[in-house]
Amino acid sequence: MAEWAASVPTDGSVELPPDPRTMEAIGRNHSFETALADLVDNSVDADATHVLIRFVRDQGRLCSLYVVDNGHGIGPERIDEAMTVGGRRAYGEADLGWFGLGLKAASFSQANQLTLLSRAKEAPAVGRRWRIDDAKTRFLCDTVPESFAEHELEQDRGLPDTGSGTIVRWDQVGGFPATDNESHVERFVSQKVVDASNHLGLVFHRIIESGRVTIVFDVQDARSTSPSSPIEVESINPFDYHRTGATGFPKDLKAAGDRSLTFRCHIWPPRSTARQFKLGGRPADHQGMYFYRRDRLLQPGGWEGVHAPHPKLQLARVEVEIDRDAEALLRMNPEKSRVQVRPEFSHACESARAEDGTSFSDYFAQAVRVYEAGNKRRKTRKPMIRPGRGFSPGLRDTIDAEIEALGADPVDIRWRDFDDDRFFDIDRTEQTIWLNKRYRKMLLGDRHAGLNDLPLLKTMIYLLMEDVFQGDYLGSRDKDNIELWKSLLTTAVRAERR
Numbered sequence: 003m004a005e006w007a008a009s010v011p012t013d014g015s016v017e018l019p020p021d022p023r024t025m026e027a028i029g030r031n032h033s034f035e036t037a038l039a040d041l042v043d044n045s046v047d048a049d050a051t052h053v054l055i056r057f058v059r060d061q062g063r064l065c066s067l068y069v070v071d072n073g074h075g076i077g078p079e080r081i082d083e084a085m086t087v088g089g090r091r092a093y094g095e096a097d098l099g100w101f102g103l104g105l106k107a108a109s110f111s112q113a114n115q116l117t118l119l120s121r122a123k124e125a126p127a128v129g130r131r132w133r134i135d136d137a138k139t140r141f142l143c144d145t146v147p148e149s150f151a152e153h154e155l156e157q158d159r160g161l162p163d164t165g166s167g168t169i170v171r172w173d174q175v176g177g178f179p180a181t182d183n184e185s186h187v188e189r190f191v192s193q194k195v196v197d198a199s200n201h202l203g204l205v206f207h208r209i210i211e212s213g214r215v216t217i218v219f220d221v222q223d224a225r226s227t228s229p230s231s232p233i234e235v236e237s238i239n240p241f242d243y244h245r246t247g248a249t250g251f252p253k254d255l256k257a258a259g260d261r262s263l264t265f266r267c268h269i270w271p272p273r274s275t276a277r278q279f280k281l282g283g284r285p286a287d288h289q290g291m292y293f294y295r296r297d298r299l300l301q302p303g304g305w306e307g308v309h310a311p312h313p314k315l316q317l318a319r320v321e322v323e324i325d326r327d328a329e330a331l332l333r334m335n336p337e338k339s340r341v342q343v344r345p346e347f348s349h350a351c352e353s354a355r356a357e358d359g360t361s362f363s364d365y366f367a368q369a370v371r372v373y374e375a376g377n378k379r380r381k382t383r384k385p386m387i388r389p390g391r392g393f394s395p396g397l398r399d400t401i402d403a404e405i406e407a408l409g410a411d412p413v414d415i416r417w418r419d420f421d422d423d424r425f426f427d428i429d430r431t432e433q434t435i436w437l438n439k440r441y442r443k444m445l446l447g448d449r450h451a452g453l454n455d456l457p458l459l460k461t462m463i464y465l466l467m468e469d470v471f472q473g474d475y476l477g478s479r480d481k482d483n484i485e486l487w488k489s490l491l492t493t494a495v496r497a498e499r500r
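In the numbering used here, the protein residues as written are 3 to 500.
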């Protein structure tokens, strides 16, 4: 029988510094959105009240990205620690950081150059720069002259002055388009801002709602002093419904045992088209557990083995707070975008009960009943002809989700010149509602005209007129109603012009 040793003996040690090529590997699981979230974590930990994320263009090309905050900053004695790969400072009870990799991993996942400029109160400005190409052969971090760091930190970027703050700058960003075509760059930036705003608004929704931090995006031309108008990140709370989907919910289920673990179980109302329910995708993809650590959302959905995903469970969402006790049952990935649960977590779910005895099985059954009842009510609605050109995509999506479609060509709504002052007319042959262009500028105010402009007005007229496009001919009652509506709305829009 082979002998087995309970421990492995050693007779010395050797220092094995990391291969510089490891710089290329860290942060590979980050997306652009999760990388920005990691940088915002640092700003929140620094007690920043405002964070600016700025795209910088030079001669039409995107060249840099800045993340600027007005937090407490980093002093000369800590700047090297902050830029050390794997450097793990002492984190406070409320801090969002954990691994010591956030700044570097997030930045190197997106850019070849990372510059950190910072100033603590009553301390000189300091700066460091990492370049991945240099780090392939050596672990030498460049120092940035104090004068340059001071100049960058002194610039007015619209943040409240606290006497301290930090700038994270990315250069040679891999995902930026290699073109100076203005329309292409603008489309790219617009989409990036939308995607990143949605992600940050979801991840930090509690922190934004509490007023702790304001996050904005803008675009700056390197040869101009005037940036674009700022776009503020809005909170997207995945539990923000006006009424619960089931009486008695949300309901707290508490796990049995020594560890304190509570599952706050929600049931959304059926057929919701709210942004915070759809979360930019199919609602069925967002059912499950929402894990929070210190008010920061780590994972939006997923049942983690407690139940298989199912379309009929799309109304079920559960808030889980990761505190000291819960940390023993799961762990988060370095990107802070997913959690991995241990077997004990499933046991905790099985034992969890509400005060009235409700278990997870009861909760799932109730969520399914609410979903099925909502679907039955939907089937009693009268089918409608779909809206076509001129209507906002959001309206078309909502009607697709809520109402059965009639098998007819979509109804368009368009602007054209009229010979008189009628507000609108209908053309059943062309399946079109025509609006009188003479009123368009007045109704728009200072907004720009576009194919899908004035969505509220167009939606109301569509709801009023949709059924007159049904059938092969108009009855006398339909014709009389059309003339009545034309008269009333024309009178109203005339009054609006005065």
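A virtual CB, placed ideally from N, CA and C, is assigned to each residue, including glycine.
- Looking at the backbone, the Cα of A39 and that of R214 are separated by about 15 Å.
- Measuring C-alpha to C-alpha distances from L315 to each of G376, K256, G359, R225 identifies G376 as the nearest.
- DSSP places M444 inside the alpha helix (DSSP H), whose first and last residues are 442-446.
- T36 and V470 have their C-alpha atoms roughly 49 Å apart.
- Judged by DSSP in its simplified three-state form, E485 adopts helix.
- Looking at R449, K338, T249, D223, the one whose alpha-carbon comes closest to that of Q61 is D223.
- Under the 10 Å beta carbon count, Q193 is surrounded by fewer than 16 other beta carbons and is classified as exposed.
- Note: C65 is not bridge-paired with any residue in the DSSP secondary-structure output.
- As computed with DSSP, H52 is found in a beta bridge with T216.
- Under the DSSP assignment, T264 falls in the beta strand (DSSP E) whose first and last residues are 264-269.
- When the five nearest sequence neighbours on each side are left out, the beta carbons in the same chain lying within less than 6 Å of the beta carbon of L437 are those of W417, F426, in order along the chain.
- In the DSSP assignment, G477 forms no beta bridge with any residue.
- Residue range 167-175 is occupied by the beta strand (DSSP E) that includes T168, with no alpha helix (DSSP H) assigned at that position.
- Here the alpha carbons of N200 and R140 stand approximately 38 Å from one another.
- Check the Cα spacing between D402 and each of M386, G392, V413, R391: the tightest is with M386.
- With a minimum length of 3 residues, the unbroken runs of beta strand (DSSP E) contained wholly in the region 222-268 fall at 253-256.
- For the set R130, C65, V218, the Cα lying nearest the Cα of P78 is the one of R130.
- Counting along the chain, A113 sits inside the beta strand (DSSP E) bounded by residues 113-121.
- Taking a cut-off of 8 Å for Cβ pairs, the region 113-126 and the region 142-161 touch, as three or more such pairs fall below it.
- Taking a 10 Å sphere around the C-beta of K460, we find 16 or more other C-beta atoms and assign the residue as buried.
- Within the DSSP bridge table, the entry for P389 names V413 as partners.
- A Cβ-Cβ contact shorter than 9 Å links R298 with I209.
- When E352, K338, T434 are compared, the shortest CA-CA separation from Y464 is found for T434.
- Inter-residue distance for K439 and V46 is about 49 Å (C-alpha atoms, whole angstroms).
- Around the C-beta of Y365, 16 or more other C-beta atoms lie within 10 Å, and the residue is accordingly described as buried.
- Collapsing the DSSP output to three states places D325 in coil.
- Within the same chain, Cβ atoms closer than 6 Å to the Cβ of T117 are found at R131, R171, the five residues on either side in sequence being excluded.
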